[in-house]
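Sequential numbering of the sequence shown, starting at -19, is according to the working numbering. Glycine included, C-beta positions come from ideal geometry on N, C-alpha and C. As the structure is a prediction and not an experimental result, all values here were calculated from the model. Shown next, in structure tokens, is the structure this report addresses.
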Amino acid sequence: MATLELYRKGASVWVPDPDEVWVSAQLLQDYKPGEKQLLLQLSNGNEVHFPVGSPSDLPPLGNPDILEGENDLTALSFLHEPAVLHNLQVRFLDYNNIYTYCGIVLVAINPYDQLPIYGEEVIDAYSGQDMTDMEPHIFSVAEEAYRTMTRSGKNQSIIISGESGSGKTVSAKFTMRYFAVVGGAAQQTSVEERVLASNPIMESIGNAKTTRNDNSSRFGKYIEIGFGRKGDIIGANMRTYLLEKSRVVFQVNVGLR
């Protein structure tokens, strides 16, 4: 019953919308168990009746305004789909920030544009800093892995995943650039350039066209970077493996009549 008590007059909720996916609304009256509808006022001022078959059909509650634009999704009072989408939207559109934490996971929005947030001055700012002390960034994740590796002497892994066109290859490139700079490589960008330069050859067969990417890779990549005792990069290796055989196409022979 504790959750039901939050559905009081003035409470903020999210309701499904065919165009916006989710829109915010405010309760105009308290919800009482057994009622079949809620009286809501949408953000555009319109009043609507929201059907409620059972308490499980109640719309998701909105977070307090003070939590708007949080840099860590786990800090939200209510963590659900509309809350996550809204928070990412606020950070992207209002704060011009493409990165958001969700615990130890970094969520990135592809801006489809070059941003001035990957220079050496930014690398220097994140070098040696804890994740909690800095704004979310791919360099912060790289720093955490690099520092743990150098302190513990154990291998570390960074998993970069996402749908086609989400920016996985670019994220991998910036991660390797960070390692090259903080590791003091003689030629700071040669490692990632050599590894990524092999991509066109590796992906020349097996790619597919998607709604977001005309040349979407069907290959997963495992990039292994070797470090010396002083934390400097001494080599790299990349392996590929076919993930989606269902995307490999063939030519259909059509008989003439």
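Output yes if chain B places a C-beta closer than 8 Å to the C-beta of residue i; else output no.
i: Gln6; result: The question asks about chain B, but that chain is absent: this structure has only one protein chain.
Which one or two residues does DSSP pair with residue i in a beta bridge?
i: Asn217; result: Glu204
i: Tyr79; result: Ala88
i: Val70; result: Answer is none; Val70 lacks a bridge partner.
Less than 8 Å separating the beta-carbons of residue i and residue j?
i: Gly49; j: Tyr81; result: no
i: Val32; j: Gln9; result: no
i: Phe58; j: Pro39; result: no
i: Arg240; j: Tyr202; result: Because the chain here runs from -19 to 237, residue 240 falls outside it and cannot be looked at.
i: Leu47; j: Ala55; result: yes
i: Tyr158; j: Ala122; result: yes
i: Ser151; j: Ala63; result: no
i: Ile140; j: Lys148; result: yes
i: Leu(-14); j: Pro35; result: no
i: Thr130; j: Gly211; result: yes
i: Val(-7); j: Leu7; result: yes
i: Gly200; j: Ala216; result: no
i: Ile84; j: Val161; result: no
Compute the beta-carbon to beta-carbon distance between residue i and residue j, rounded to the nearest angstrom, for a pair I have assumed lies under 8 Å.
i: Ala125; j: Gln109; result: Actually they do not touch by this definition, with Cβ atoms about 13 Å apart.
i: Pro238; j: Asn51; result: In the structure as shown, the chain begins at -19 and stops at 237. Residue 238 is therefore absent and cannot be evaluated.
i: Gly163; j: Ile213; result: 5 Å
i: Tyr98; j: Phe154; result: 5 Å
i: Asn90; j: Ser146; result: 6 Å
i: Leu53; j: Val1; result: Wrong, their Cβ atoms sit about 17 Å apart, outside the cutoff.
message: Would the segment -5 to 5 count as touching the segment 22 to 34 if we require 3 or more Cβ pairs under 8 Å?
response: yes
message: For a minimum of 3 consecutive residues, which ranges assigned as the beta strand (DSSP E) are wholly contained in the segment -2 to 68?
response: 1 to 7, 17 to 22, 27 to 31
field: Ordered list of beta strand (DSSP E) runs contained in the segment 85 to 161, each at least 3 residues
entry: 85 to 88
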